[in-house]
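Going by my numbering, the first residue of the sequence shown is number 52, and it counts up by one from there.
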Amino acid sequence: MDKKFIYLDHAATTFVKPEVLEAMLPFFNEKYGNPSTIYSIGRESKKAIDEARDKVALAIGSQANEIFFTGSGTEADNWAIKGVAYANRARGNHIITTAIEHHAVLHTCQYLESDGFEVTYLPVDEYGLVTPEQVRDAVKPNTILVSIMFANNEIGTVQPIEEIAKITKEKGIYFHTDAVQAIGNIPINVEKMGIDLLSMSAHKFYGPKGVGALYVRKGVKITSFIHGGAQEKGRRASTENVAGIVGLGKAIEIATNNMEAKNKKLIELRDKAIKEVMEKVPYVRLNGHPTKRLPGNVNFSFEFIEGESLLLMLDMVGIAASSGSACTSGSLDPSHVLLAIGLPHEIAHGSLRLTFGEDNTNEDIDYLMQKLPPIVERLRQMSPLYVK
């Protein structure tokens, strides 16, 4: 009999839905024309890209000509921040972000600091929240951009995006949000919310890897990021990944349809996991906001154990989970997010992130709860600090 396998790491990546794959397949070996050509299969590819652009625009409440396709969410973040920074340098060189951003944002800001820009990293509270007042207080005469993630990839905390956007609009500052974890989980309307730039990544909402998108509000001053041909209205050179873009379009169409019903199920799974872990495992802490969090995200810290050992032992019984961002899973350093919310190093090291998806069931949590408490106890027995 095959070993049971339960996937609880949907914030790291998701599978490609069959209907998404079906939409993509013709563009690998039948409709393979270059979208920049004028013959029929090239025009067919261009039409498919335009249709995908329309789907993205509809999903986030923008105009189609404000959507630009990229190779990833990371590229979209880089382009948004560097593009606005360099295009507006004559006006100012100050950027505001938070201490818990994804490294795609943090490392981009650090790069800009090395090139003479000034960056303010706002601290967060114990739940990972930043307040609109903090943003207002951090604004200087030379501030040109605020970049704050919609929802945190590790602890699931959802930020007050609309309120922050109001402040940036009042001050005449551009506002970018990394919405990689939010798309398909939180209803988004960039026009109503006052967002100027928004990043997304297809593989987080049951689309393919290697394709993302950046929304840029009409009128935002931004430089091109990749130079070469005239693709993406001359702003992002490179022959388009047609199959990937088609997949992103189909995936976002599905992800934003009937979101409320899908979220209801995810919230039930999330809350069941929180209740059972908190009741059945001692010396555990829930990280992130108790209510203002992504529907499928839970993050725990277990005292007296190492998260890496916990993940390996869960994997041995067929449970795939994470200790934080998949992009830093090779690092032995504790999560910068957990340190930013005030956890000591030794507790931050013992973190476990469970992120649920549409394929998960109550039975998956029952199986998790059969395996998790004894594994935690076994690992704790090895700690000289643990007293039962």
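From the three backbone atoms N, C-alpha and C, an ideal C-beta is built for every residue, glycine too.
Straight-line gap, residue i to residue j (C-alpha atoms, nearest Å)
i, j, result
"Met52", "Leu394", "In this prediction, Met52 scores a pLDDT of 40, lower than 50, which makes its location untrustworthy; the coordinate-derived value is nonetheless stated afterwards. Their backbone Cα atoms lie some 42 Å apart in a straight line."
"Ile111", "Ser96", "23 Å"
"Lys220", "Gly245", "7 Å"
"Ser4", "Leu345", "Outside the shown range of the chain, which is 52 to 439, sits residue 4, and nothing can be said about it."
"Thr412", "Tyr418", "10 Å"
"Asn350", "Lys272", "38 Å"
"Tyr437", "Ile356", "9 Å"
"Asn314", "Ile57", "19 Å"
"Tyr137", "Thr274", "7 Å"
"Leu196", "Ile218", "12 Å"
"Asn129", "Thr159", "6 Å"
"Met420", "Leu249", "37 Å"
"Tyr334", "Lys439", "10 Å"
"Lys55", "Leu163", "46 Å"
"Gly369", "Ala189", "46 Å"
"Thr208", "Ala202", "5 Å"
"Leu76", "Val135", "36 Å"
"Gly143", "Leu389", "32 Å"
"Leu317", "Val332", "22 Å"
"Asp410", "Phe168", "44 Å"
"Met200", "Ala302", "21 Å"
"Ile398", "His387", "13 Å"
Closest residue to residue i among the options (Cα-Cα distance)
i, options, result
"Lys269", "Leu76, Phe119, Lys98 and Pro424", "Phe119"
"Thr88", "Ala281, Val107 and Ile212", "Ala281"
"Ile416", "Leu389, Met433 and Gly347", "Gly347"
"Ile234", "Ile57, Leu423 and Ala62", "Ala62"
"Ala288", "Pro174, Glu126 and Thr342", "Glu126"
"Lys98", "Gly300, Ile277, Ser275 and Asp176", "Gly300"
"Ala108", "Asp366, Ala264, Gly369 and Val293", "Ala264"
"Ile206", "Ala74, Ser352, Glu428 and Ser360", "Ser352"
"Asn204", "Gly258, Asn139, Pro77 and His154", "His154"
"Lys284", "Ala216, Ala115, Ile199 and Glu304", "Ala115"
"Asn236", "Phe79, Lys133 and Phe256", "Phe256"
Whole-angstrom C-beta distance between residue j and residue i, which should lie under 8 Å
i, j, result
"Lys106", "Ile92", "With 8 Å as the limit, Lys106 and Ile92 do not qualify as a contact, their Cβ atoms being about 21 Å apart."
"Gly358", "His400", "6 Å"
"Leu59", "Thr406", "6 Å"
"Asn266", "Val241", "In the sequence under discussion, the amino acid at residue 266 is Tyr, which differs from the Asn named in the question. Sure, about 6 Å apart at Cβ, within 8 Å."
"Ala150", "Tyr172", "5 Å"
"Arg193", "His145", "According to the sequence as given, residue 193 is Asn; it is not Arg. The pair is a contact, with the Cβ atoms about 5 Å apart (cut-off 8 Å)."
"Asp229", "Val156", "6 Å"
"Asn292", "Gly261", "7 Å"
"Pro211", "Pro238", "So it is not a contact: roughly 15 Å between Cβ atoms."
Start-to-end residues for the beta strand (DSSP E) that takes in residue i
i, result
"Asn348", "Asn348 to Phe353"
"His227", "Tyr225 to Asp229"
"Leu196", "Thr194 to Ser198"
"Phe78", "Element bounds for Phe78: not the beta strand (DSSP E) but the alpha helix (DSSP H), Pro77 to Asn80."
"His396", "Not the beta strand (DSSP E): His396 falls in the alpha helix (DSSP H), residues His396 to Ala399."
"Val335", "Val335 to Asn338"
"Thr149", "His145 to Thr149"
The alpha helix (DSSP H) enclosing residue i, as first and last residue numbers
i, result
"Ile303", "Val293 to Ala306"
"Thr171", "Per DSSP, Thr171 belongs to no alpha helix (DSSP H); it is in the beta strand (DSSP E), Glu169 to Leu173."
"Leu436", "Taken as a continuous stretch (DSSP letters only), Leu436 belongs to no alpha helix (DSSP H), as it is neither H nor E."
"Val135", "Gly124 to Ala138"
"Ile118", "First-last for Ile118: Ile118 to Thr121, but that is the beta strand (DSSP E), not the alpha helix (DSSP H)."
is_contact[residue i, chain B] using C-beta, thresh 8 Å
i, result
"Asn240", "Within the model displayed, chain B is absent; a lone protein chain is all it includes."
Unbroken stretches of the alpha helix (DSSP H), 4 residues or longer, contained in the region 236-296: 241-244
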